[in-house]
Every structure is written in C-alpha cells, then in structure tokens.
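> Chains as they are written, first to last, in this note's numbering: chain Y, 1 to 352; chain R, 353 to 848. A virtual CB, placed ideally from N, CA and C, is assigned to each residue, including glycine.
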C-alpha cells in the first residue's frame, strides 16, 4: 500500500513543480457538487481497506478509497455505525469523498456531523508531504485540529489518505412516525421537541407530512412514541435512506436544487418552488428558479448560508460568498497547505 | 520545558510607551503595569511557571479588544489572552515583553434563545454560569470540565475543554456554533453560524483548541441541550486495576455509551475520602463510576445492564445511587481529586495523556514502575470512557531537584502515551508545559504545517507566541526523536 501513497505523493510533487491542476477523485459520486472540475484526475480508489477497527475503542481507521457501503458493513457486523449517516449518492462513494465533501445525513442534527466524528487524518498536502494529525483517541488537543479542518475542504488542502473516526453503537430500537402538518407547524414542533429529552434521530417535513425517527433504548423509544403520537411508517429505514441519498421524488424535480443551512427556528422560507425541511429545521432543501442573490439573502437573513447543490447556473459561484477578511484567511490557509494552488482549484471558491 | 520564574529586566521605556498608547482609549484602571498590580497575572493554573507581564489590559467590550489588538499589532507587541486563568498547561503564561489581555470583565450572558436552544455569551462567562442561566428552560451546556465553577467559556474554546461527560455529549468543539473573533490586525471575523454548518473551511474547528494563537474570541454562541429527565450512577469496586479496565471495555462492547465513566485508583480514593466522605470502599484497588441518563425507564434498563457487566467483570462491590444526594456524593470524590492531591502533598503535577483504553493496564503498570524509580507518589484518575488519563504526580517544589524529577517522570508518561497510540494532551492543552513533548508526537513537516497555519492568521507571531507548537530548532535542542506508535515514519528522512 505504501507504493500507492508514494505514487500519489509523486503525482502531487510533479503537478506542483509544473503548476498543473489535479482533480482529486474517489468514487466520483459527487462530481456534481461544488465548482467546476479542473485538471487531471487523481484517483484515491486504489488506496482502500480498513486498517484497524476496535469496536470497544469506538474507533475505526480506514483508507480514503474504502467504499462507504463496505466500511458500513464492517461496522454493522459489530453492531456499530457512522453516526453522521453520510450520503452515498451511489455505491462507489468512498470514505475520503464523504469526508472531503463534509456532507452528513438525517442524523446530523442529533448525533453530529462528519467533522464531529473525525479523530485523525493522514494526508498528502500540496507539497507532496505525507502528514498525520490527530490520532485514534477521543480527546486530543495536541496541535491545531487539522483533521476536522479537512472535513468539508473539498480536496483543496490535501489528499486524504486515511481517517480515524469515532463509531457509535447501532440503536437498540428505531421507529419512524409521521403526521400531517404544515411547514410552519413542523418547524415549531421540531424545535419544541429538540428542547426536550427525547430520543430523536431524524426529522423531515416533506409532502405535507412531518416524519420523525426515534432511536435508542427500547424503553426510551417506546415512551417517546406514546408522547409524540402520529402514525407508524413501516418502511422508515427506506424513507430515511432515500432522503439521505436524494432519491425521493422531490429530488427528481427539474428546478435547480439549493441547500440552505440556517437557524433551526427560521420561519418557512418565502421562496418559489418545493421545499424539504430537515435537521430539526436547520436544513432546507429548495427546488427553485429564484435567482442566486434572492436565495442567498434569504439564507443570510436566517443566520446561515446557501449553496447551489445540483443543477442551475454555477457561473456566479456555488457556495455562499465569504466576507473579504474571511476570504483572505481562506486564501492564506490554502497557501499554507497548497502553495502551488494545484489541488481542486475553484472547487470551493475561485482563487482557492 | 523546565519550569521558570524568570525575572528578566523590564524594558521601562517600552512599558511606558505601550501603557500610554493603551490609555488613549482605555480608562486608567484598565491598564496595569506597576509590579504589584501585574503580579497577580504572573501565572495561570500551572503555577510552576511564572512570568510577570509587561502590561495588563482589561477590556470591557469588543471595541476595546479591537483597539488593544490594533495597538499591539502596530507596535509589534506580543499579546497573551487570558480568561479565568485556571488552565493547567501555562497557555496563559504572560510574556515579560508583552501585553496580557484579561477578558475577565467581559462576563455577560447576552442572550438565551430558548426555541433554538442556544446562548450567546461573552468569553469571561464562567462555564457553570451558562448552565445555571439555562436551567429555568430545562436546558444546560454539556461540557463540564472539573474546574467549571471557575473556568471561563473563552478559555474552554481556547483549550477545547472536555469534562466528565464528553464520551456521550462531546467536547467544546461539538457544543459551540459561532464565534466572534478578532484577528491580531484587529479585524472582526464571524466564524460558524446560526445553522449547523458554515460556508468555507471549518474554521470553528480550527479555532477551538488553538490556545489563543490564531485570534481573540469575544463572543461565543453555544448549543444548549435538554437536561436529561433522570440520572443514576453505578459505583463498582475492583481488587485489580486490570479488572476495572476490562469492565470499561465490556461496557462499551455491550453497546452502552455511559453519560460518564470514570476510574480512580486506590491512592486517589484514599486521598479524597477524608475530604468528601463519599463512602468509597478504601480497600479497592480501583473504583469505577458509571452514569446513565435519559428517561426513567431507559435509565432503569441501562443501569441493570451496567450492573451485570460490572459483576461479570469481577467487581467486589456494586452500588447504585438511589437519590440525587447519593449520586452527587459518588461524584464528589472524583471532582475533588485535584484539591485532594493538593491536600496530601505540597505540590502536584497533573498529566493529561489520552490513550487507547486497551493500553490502560500497560500504562498504569509503567506509571507504577516510574513512580518507584523516581520515588514520587502518583495518583491516577482516568476519564475511562474516552481514554483520558490524569496521573497526578505528588512532589515538593521546596526540595531541590524534585520539580525537575517530576517533569522528567511526566515527560516519560507522555512519551509512553504516544507509543501506545495516544496523545500528549487530551484536554489541558500544550501551552508551555508540554511543548517539548510536541517534538516527540509530530515530525518536522507536521510542525511546519502548524507554523504555516499560525502564519496564515498571525504573520508576525504576536498572538501567544512560543506556546503550543515548538520551533524546529527547539526540537533539535531538546534532542528527542519523534516517535509514533510502534513504527518509524519516513525512515529515509534526514533527522536534525
């Protein structure tokens, strides 16, 4: 396996010396996400496999090219899971891609995001150096937290080689309820419930229904089910997976798909088009033809940001524009990790 | 790093110039430089290291923080930010040629937003004060370092503080949403947001635990959690530390994530018992405290499972708390471990390595041997759930050479923590104290990356310089080779 690392590092050093761009790629299931794809493809899929998994330590260390379904199967066999429930968007999705994209699934609001479960990373930076940060333990404050910084950096700071992640036990019981509710009612309920000690693990409002998933000890789930009421959804597992991987009907609509990450209590968004509300109100998916500025202003008013997730016109940028001081810090960080500017340039912002 | 109490001559001309520049916009009592006024700031919770600052500035609002930073930046004066000064690694140790900026006066809770379960607070607010203010809404702030009655939330962010409940509820980094930060140039950046993520790089994670090296935090939005309906605690005694370690492993293997899981060894229970009368079995080699929280039925169910694991692991005694008074009494001893160390010894030195749990027996055995070798007693308290070990080495600073011996003992524990796959610091930070051990944990290229990150925020190295990340030169002088859990990295790389 060291030979693969040597090849990756060599390719990066070569590209840096010739100032040619590299486009880091795992399974390619998220090629649609982010800015334009530039440069020669640098594949991580050969560097795959679980390096170490100790269920009693709640830690798994795996190579970036490991397909997510494979990794999740290994954990499931020991009664554990990746609690951030990463979207797959296809069977070839890799661990490295999931971390670099920084996307988390329905459980995010209640269990945490990818970055919350990152314990350590091995990476090659834009100079071709093989570096390790963090480690395999839950608490670690030695040095800056580069591991979490890598989550969601879209491959612009380095190529992730390996990651160690905190795992959690699969819940003993899981149950999905739904009830007919308007958006406004759903937002109010999601926030009210989140303020109470309930075993929530996912919430979603779509098609006039509020879906709630309860996970945890049998007694806790049973008690919460009685408290919340509503009808049982028999194929709950399928529903949440289809939501996570964007296979619900909503996601097949023709309009551009926007992702707005905002304050959970923000009122239903006054934007044309269909919406899905997730994460206790903090995530809004909007299929809309509204212009980018209108959408971004709406997100900013609600304390958050908007990204053009799928489709639409990417020429004005995909992600929410950063204030100048913030952009400067981003550029300096990029410079620190990738001085030649060869790793996924423009995938996040132009100039990074 | 060897403890110091340096008395470098004060540059009076420089001191006057800086104080005068700060008094242009700060009231006179907010700028201190007379020796007796600045003396109280000479150390933080790690009192073995002392240094009187050149000037102390006491801002009351963001605008003053901004102007202090602008002034220091223009004059190229280093700045050390300080919260409550309870840190255990010397992270807030002042500089003799620098300004110590105490944020203690910025101690207002600005807003508690009940529907969105967040609180906006200033950096000087005490950790526990947040939970107290949120209690009427049935909410609390989860990270609870043992110093929570005194430590400030700004300091918690700087150190990524943990506590007794982090296995289940996370560290500071998992429980904050947004920061207002001033750069050394005095520019304001808002990091994070009111949603669950933000555009761009995860600077919220990068800032958390950065030990005041990247910016000065002036406002924190924290996430509040609903207070659990009910909590109960199991106290289990073991006649062998290994058995206690195995019990921890079996708890996790059973799919239980306890709200708290702590271990104390015999010398610790012996030290705390007369102090708190917790009723600990004093003949036990180790005791475990294992807490369950949730709704009543859930807790009852989980407590039964925990008890079964304890018995199956060979516990000599298992007790369950049956009231809040009793539960708090179980915990009282654990929370009093540090003060108790101070009671049975003139001085103590607290280590903070984190190790994979499976290495516990090996590490404890090695600590016992080192304890004999150095002739220094060592109490062991252990955040067993997350592998964070706090050996408290007991010594007497008045005995010549004993502090040096203690530091050597400590450094060996840290080296061992790295060798078994752990880290030199789980929650106390590197500060000045563990800076040499950073050379053991990271190789030169990794340290260079840290310096590059620092430079991205603070080009002239004015924010808390000399802390957390050693210069490569220092590592060379220190002379210790980087080690990594059972393998040599870059065997072909030149070492210097």
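In the structure shown, what three-state DSSP assignment does residue 553 (chain R) receive?
Looking up residue 553 (chain R) in the second chain gives position 201. Reduced to three states, the DSSP call for residue 553 (chain R) is coil.
> Please classify residue 24 (chain Y): is it buried, with 16 or more other beta-carbons within 10 angstroms of its beta-carbon, or exposed?
Position 24 of the first chain, counted from the start, is the residue given in the question as residue 24 (chain Y). Result: buried.
> Looking at the structure shown, is residue 747 (chain R) part of a helix, part of a strand, or coil, going by DSSP?
Within the second chain, residue 747 (chain R) is the residue found at index 395, counting from 1. Residue state, collapsed to three classes: strand.
> If you measure from the beta carbon of residue 364 (chain R) to each beta carbon in chain Y, is any gap under 8 Å?
Position 12 of the second chain, counting from 1, holds the residue named residue 364 (chain R). Judged by the 8 Å Cβ criterion, residue 364 (chain R) is not in contact with chain Y.
> I'd like the span of the beta strand (DSSP E) that includes residue 617 (chain R), first residue to last.
As a working mapping, residue 617 (chain R) is identified with position 265 in the second chain. It spans 612-617 - the beta strand (DSSP E) in which residue 617 (chain R) sits, taken as one unbroken run.
> Below 7 Å on C-beta distance, what does residue 802 (chain R) contact in chain Y?
Translated into positions along the second chain, residue 802 (chain R) becomes position 450. Ordered by position in chain Y, the residues that pass the 7 Å Cβ test against residue 802 (chain R) are 143, 144.
> On the CB-based measure, 16 or more other CB atoms within 10 Å of its CB, does residue 2 (chain Y) come out buried or exposed?
Counted from its first residue, the first chain places residue 2 (chain Y) at position 2. Burial call: exposed.
> Alpha carbon to alpha carbon, what distance is there between residue 227 (chain Y) and residue 657 (chain R)?
Position 305 of the second chain, counted from the first residue, corresponds to residue 657 (chain R). Position 227 of the first chain, counted from the first residue, corresponds to residue 227 (chain Y). Between residue 657 (chain R) and residue 227 (chain Y), the C-alpha separation is close to 25 Å.
> Is the number of C-beta pairs between the stretch 720-732 of chain R and the stretch 755-771 of chain R that are closer than 8 Å three or more?
Contact holds: three or more Cβ-Cβ distances are below 8 Å.
> Between the stretch 568-584 of chain R and chain Y, which residues of the former have CB atoms less than 8 Å from a CB of the latter, in chain order?
So the list reads 578, 579, 580, 581, given in the order they occur along the chain.
> Going along chain R in order, which residues have a C-beta closer than 7 Å to the C-beta of residue 71 (chain Y)?
Numbered from 1 along the first chain, position 71 holds the residue referred to as residue 71 (chain Y). What residue 71 (chain Y) touches in chain R: nothing, since even the nearest Cβ is about 19 Å away.
> Which residues in the same chain as residue 442 (chain R) place their Cβ atom closer than 7 Å to its Cβ, once the five residues preceding and following it in sequence are excluded?
As a working note, residue 442 (chain R) is residue 90 in the second chain. The answer, listed in chain order, is 396, 398, 401, 783, 784, 785.
> What span of residues does the beta strand (DSSP E) with residue 565 (chain R) cover, start to end?
Taking the second chain and counting its residues from 1, the one referred to as residue 565 (chain R) is at position 213. Segment: none, residue 565 (chain R) is in no beta strand (DSSP E) and carries neither H nor E.
> Around the Cβ of residue 252 (chain Y), are there at least 16 other Cβ atoms within 10 angstroms (buried) or fewer (exposed)?
Numbered from 1 along the first chain, position 252 holds the residue referred to as residue 252 (chain Y). With fewer than 16 Cβ atoms within 10 Å of its Cβ, residue 252 (chain Y) is classed as exposed.
> Can you list, in chain order, the residues of its chain with a C-beta nearer than 6 Å to that of residue 612 (chain R)? Leave out the 5 residues immediately preceding and following it.
As a first step, residue 612 (chain R) must be located in the second chain, where it is residue number 260. Result list for residue 612 (chain R): 516, 517, 643, in chain order.
> From Y:194, Y:216, Y:81, pick the residue whose C-alpha is nearest to that of residue 492 (chain R); which is it?
The residue labelled residue 492 (chain R) in the question sits at position 140 within the second chain. The shortest Cα separation from residue 492 (chain R) among Y:194, Y:216, Y:81 belongs to Y:194.
> Smallest Cα separation from residue 255 (chain Y): which of Y:239, Y:264, Y:273?
Residue numbering aside, residue 255 (chain Y) sits at position 255 when the first chain is read from its first letter. Cα-wise, what sits closest to residue 255 (chain Y) is Y:273.
> Taking 8 Å as the limit between beta carbons, can you name the residues of its chain near residue 844 (chain R), skipping five residues before and five after?
Within the second chain, residue 844 (chain R) is the residue found at index 492, counting from 1. Residue placement at residue 844 (chain R) is poorly supported in this model, since its pLDDT is 40, which falls under 50; the coordinates still yield a value, given next. The answer is none, since no qualifying residue turns up.
> In this structure, how does DSSP classify residue 741 (chain R) when only helix, strand and coil are distinguished?
The residue labelled residue 741 (chain R) in the question sits at position 389 within the second chain. Three-state result, residue 741 (chain R): strand.
> Counting only beta-carbon atoms, is residue 271 (chain Y) nearer than 8 Å to chain R?
Here residue 271 (chain Y) corresponds to residue number 271 of the first chain, with the count starting at 1. No, residue 271 (chain Y) does not count as interfacial toward chain R.
> Note down the Cα distance separating residue 707 (chain R) from residue 772 (chain R), rounded to an integer number of angstroms.
Within the second chain, numbered from 1, the residue matching residue 707 (chain R) stands at position 355. Within the second chain, numbered from 1, the residue matching residue 772 (chain R) stands at position 420. Residue 707 (chain R) and residue 772 (chain R): Cα-Cα distance of roughly 7 Å.
> Going by Cα to Cα distance, which pick from R:631, R:689, R:816 is closest to residue 669 (chain R)?
Taking the first residue of the second chain as 1, we reach residue 669 (chain R) at position 317. The shortest C-alpha separation from residue 669 (chain R) is found at R:631.
> Below 8 Å on the Cβ atoms is my guess for residue 83 (chain Y) versus residue 168 (chain Y); work out the distance and round it to an integer in Å.
What you label residue 83 (chain Y) is simply residue 83 of the first chain in a count that begins at 1. What you label residue 168 (chain Y) is simply residue 168 of the first chain in a count that begins at 1. Correct: roughly 4 Å between the Cβ atoms.
> Please give the ranges of any beta strand (DSSP E) in the stretch 272-334 of chain Y, keeping only runs that are unbroken, at least 3 residues long and fully inside the region.
Fully enclosed beta strand (DSSP E) runs of 3 or longer: 274-278, 283-287, 305-310.
> Extract the residue ranges of the beta strand (DSSP E) inside the stretch 458-492 of chain R, only unbroken runs of 3 or more that lie entirely within it.
Counting only runs of 3 or more, we get 461-465, 470-473.
> If distances are taken between C-alpha atoms only, which option among R:674, R:565, R:645 comes closest to residue 821 (chain R)?
The residue given as residue 821 (chain R) occupies position 469 in the second chain. Out of R:674, R:565, R:645, R:565 has the C-alpha closest to the C-alpha of residue 821 (chain R).
> With 8 Å as the C-beta to C-beta threshold (strictly closer), list the residues of the stretch 504-532 of chain R near chain Y in chain order.
Going along the stretch 504-532 of chain R in chain order, one finds 511, 512, 514, 518, 519, 522, 523, 525, 526 with a Cβ nearer than 8 Å to chain Y.
> Which bits of chain R does residue 279 (chain Y) rub up against, with CB to CB less than 8 Å?
Here the question's residue 279 (chain Y) lines up with position 279 in the first chain. The contacting residues are 548.
> Would DSSP call residue 345 (chain Y) helix, strand or coil?
Counting from one through the first chain, the residue named residue 345 (chain Y) turns up at place 345. Correct three-state label for residue 345 (chain Y): coil.
> Bridge partners of residue 644 (chain R), per DSSP?
Counted from its first residue, the second chain places residue 644 (chain R) at position 292. Note: residue 644 (chain R) sits in a beta bridge opposite R:584.
> Taking residue 604 (chain R) as the query, report the chain Y residues whose CB atoms sit under 7 Å from its CB, ordered along the chain.
Mapped onto the second chain, residue 604 (chain R) falls at position 252. The contacting residues are 56, 58.
> Relative to the C-alpha of residue 828 (chain R), which candidate in R:440, R:804, R:790, R:597 has its C-alpha closest?
Residue mapping note: residue 828 (chain R) aligns to position 476 of the second chain, counting from 1. Closest by alpha carbon: R:790.
> Any idea what DSSP makes of residue 608 (chain R), helix, strand or coil?
For the purposes of this step, residue 608 (chain R) is taken as the residue at position 256 of the second chain. Coil at residue 608 (chain R), not helix or strand.
> For residue 327 (chain R), which beta-bridge partners are listed by DSSP?
Past the edges of chain R, shown from 353 to 848, lies residue 327 (chain R), and the structure says nothing about it.
> Using a C-beta to C-beta distance shorter than 7 Å, which residues of chain Y count as neighbours of residue 467 (chain R)?
Position 115 of the second chain, counted from the start, is the residue given in the question as residue 467 (chain R). In chain order: 191, 265.
> Starting from residue 200 (chain Y), follow its DSSP beta bridges and name the residues at the other end.
Indexing the first chain from 1 puts residue 200 (chain Y) at position 200. Paired residue(s): Y:214.
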